[in-house]
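Scroll down for the structure; my scribbles are underneath it.
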Amino acid sequence: MRVRSDGGFTLVELVITVAVIAIVATIAIPAMSDMVTRNRTTGAFNELKGLVAYARSESVKNVGESVLLCASNDGAGCTNNTDWSVGWLVVRDSNGNGAFDSGEPLLKVIGPLPNGINLSVKTGNSTQFNSISVAISGDGAPAGGNPITFKLCDAFGASEARGLIVSVSGQVRDAARDSSGNREDHRGVDFQC
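Positions 40 to 232 (our numbering) are the ones given, in order, by the sequence shown.
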């Protein structure tokens, strides 16, 4: 007589399998969340770099006309907002007054950043990231001869902050880390998020 064996799982095997899956998921999900946050921040930073490069090339293309970058929460005009996370514009400042006036061409609109990512801007000798707009003159350098620092922060705080600096000559570079590992603005001051 043959003994027939069924091809199923026992209850003990099923419970052990579910427990192992639960343990792996508990470890993997937070790591995946951190990776997604870092990828979003990197994407926002790369978009910012591309936007600054675009603004510089537009300013050089039409010598004598500045290009203005400003915070915008509606995509139609500049706002008096120091939080650039709401979105921003690139406009041709044809009359050079540092403001987006009717009739001036709107070159590019960037929508809001993902939740939890903040962008702020500091110019010149300012000690605060409180600029509402920055201008790139016709030679590709910051108008007014002041350097510009763009600071991008996320949930990881200052230790993982990203920065972009436009020097007085118009050279664009990533904000460097100091000997303690903190990123610094154009004045050598550590980022605070």
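Beta carbons: idealized from backbone N, C-alpha and C, even for Gly.
As the crow flies, the alpha-carbon of Phe230 is around 6 Å from that of Glu223. Residue pairing from DSSP places Trp127 in a beta bridge opposite Ala110, Ile149.
In the displayed model, Arg201 falls within a strand according to three-state DSSP. Taking C-beta atoms under 8 Å as the contact rule, Val91 and Val205 qualify, at a distance of about 6 Å. For Phe84, the enclosing alpha helix (DSSP H) covers residues 50-100. Counted as a single uninterrupted DSSP element, the beta strand (DSSP E) harbouring Asn157 occupies residues 157-162. Judged by DSSP in its simplified three-state form, Ala174 adopts strand. Listed in chain order, the non-local C-beta contacts of Gly114 below 8 Å within the same chain comprise Gly126, Leu128, Val148, Gly150, local neighbours out to five positions each way being set aside. Put simply, of Ser198, Thr80, Gly209 the residue whose alpha carbon is nearest the alpha carbon of Arg216 is Ser198. Taking Arg212 as the centre and dropping the five residues before and after it, the same chain places the C-beta of Ile204 closer than 7 Å to its C-beta, in chain order. Cβ atoms of Thr76 and Asp193 come within 8 Å of each other, at about 6 Å.
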